[in-house]
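With mature numbering (1 follows the signal peptide of the UniProt record, and there is no 0) applied, the sequence shown corresponds to residues -18 to -1, 1 to 65, in that order.
For every residue, glycine included, the Cβ atom is placed at its ideal position computed from N, Cα and C.
Below you'll find the structure, written out as structure tokens, and then a few comments.
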Amino acid sequence: MACSAVALSVATVSAVVALTCTSIAFGTDNWYEVRVNPDGNERLASLQEFESDLRYYSRDEGIFRICFPDKRPKGGKLRNILL
């Protein structure tokens, strides 16, 4: 009987720790940081594409959001970043 009580206690504590880690992971925006050097990319793209395409901007990508620390693109589409 004591062995099953210990196993149940360990499983309960592990489940609480796993749920806490999962909650922290979903709440964090800065999972993936992308830093872009704008000087080198401006020559490769047209001005209109450079101002609107998300690939040419530094950003922090979370599971639900994309944050721009410096400048935000004008009318950029999310599908451009996934291609």
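Taking every protein chain shown into account, the CB of Tyr14 has fewer than 16 other CB atoms within 10 angstroms, so this residue is exposed.
Ranked by Cα distance from Glu33, the first of Arg54, Glu43, Arg41, Ile45 is Arg54.
Per DSSP, the beta bridge partners of Ile48 are Glu43. Phe50 and Val(-3) have their alpha carbons spaced roughly 33 Å apart.
In the DSSP assignment, Val16 falls within the unbroken beta strand (DSSP E) covering 14 to 16. Assignment of Thr10 by DSSP, reduced to helix, strand and coil, places it in the coil class.
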